[in-house]
Amino acid sequence: MTDLCRTGVGHARSEAPEGTLFVGRYNNAYHDAGRDHEERFPSEVLMPLFKAIMSDWTNEGYDPFAAPMETGTPWGSKNGGNEEAITRTRVAAKRMVGLPGDTPLRTDANGFPANRMFPDIDRSQPVVEPEPGFEGEVWAYNLFDYLSRSDVTWNPSVCSVVGESLFCPTTEEFSLPVDHGNDRCEWFITLSDEIDWEIKDKETAKPRATVLTRAGDVSCMPADIRHKGFAKKRAMLLVWENGSPAIPEMILKGEAPVVAVTW
Ligand SMILES: [Fe+2]
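Positions in the sequence shown are counted from 1; adding 31 to them yields this note's numbering.
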């Protein structure tokens, strides 16, 4: 399966948000044969449609965001559903996980036990001693402990926000279920274990690279690619990106580069 839908770019801010529904558009065989199709729809039409498809495709006992060994099978005759799993609220910190009034840290007590694949994490929390007047503004927490308690895979959370800079760490196991089409450069910092990446051209789907990233590796996925990841053992990945909504349009106009560094 590949991405079927992209959020819209290029529309005036005063207009309702739109998205493009496409089939074959980003596959050379379909595109060159004139067999592809794309069509713009209001987001308020697309979003309920995709939620309904996801609901219909999900059987009771299957959580599409869980690792395969931690949930039931995705196939079989239609049998119930799992609305709790597919309507799960994605973590999106306003400033930083754990700050007063923001999304909380994960603990055994609030329903986030450590994952079976991270039994040996140092769970000590940093000591934070803000000067008087800065309580609630200066903060730190143990990201390894936090990620080891993630109950989803391939689903980045926004864990800290500085301007448009978004730190979106995640845990990965088995395979990313879609080819993710980038609309901007995307930094990957592999925090633990190993992740294999298959990288293809965004327009044609032609293979461009395979990359094995290990703990400590820093890489930047270009804006003109799609990628699929594989993790034999659950791994921690920090996805870091500039979340500015202006970037996709700047790239289309050639005003922003598709790679992070040129020389
Ligand atoms: Fe991506």
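Glycine included, every Cβ here is placed at the ideal spot set by N, Cα and C.
Bear in mind that the values here come from a model prediction, so they are computed numbers and not experimental data.
query                                                                                                                                    : result
When you compare the CB positions of H211 and R257, do they come within less than 9 Å of one another, or not?                            : yes
Would you call the stretch 93-113 in contact with the stretch 166-177, where contact means no fewer than 3 C-beta pairs closer than 8 Å? : no
What is the rounded straight-line gap between the Cα of L197 and the Cα of A123?                                                         : 10 Å
Tell me whether N213 counts as near ligand 1, meaning its Cβ is closer than 8 Å to at least one heavy atom of that ligand.               : yes
From which residue to which residue does the alpha helix (DSSP H) around L77 run?                                                        : S74 to W88
Counting pairs of Cβ atoms below 8 Å between the stretch 83-97 and the stretch 149-165, do you hit three or more?                        : no
Going by DSSP, name the residue or residues bridged to H258.                                                                             : H211 and I230
Rounding to the nearest angstrom, what Cα-Cα distance links A254 and P105 in this structure?                                             : 31 Å
How is P238 classed by DSSP in three states: helix, strand or coil?                                                                      : strand
Going by DSSP, what residue range makes up the beta strand (DSSP E) through F53?                                                         : E49 to V54
Return the residue from the list N213, T201 and L222 that minimises the CA-CA distance to M252.                                          : N213
How would you call D153, buried or exposed, if buried means at least 16 neighbouring beta carbons within 10 angstroms?                   : exposed
Just to confirm, are C199 and V289 a CB contact at a threshold of 9 Å?                                                                   : no
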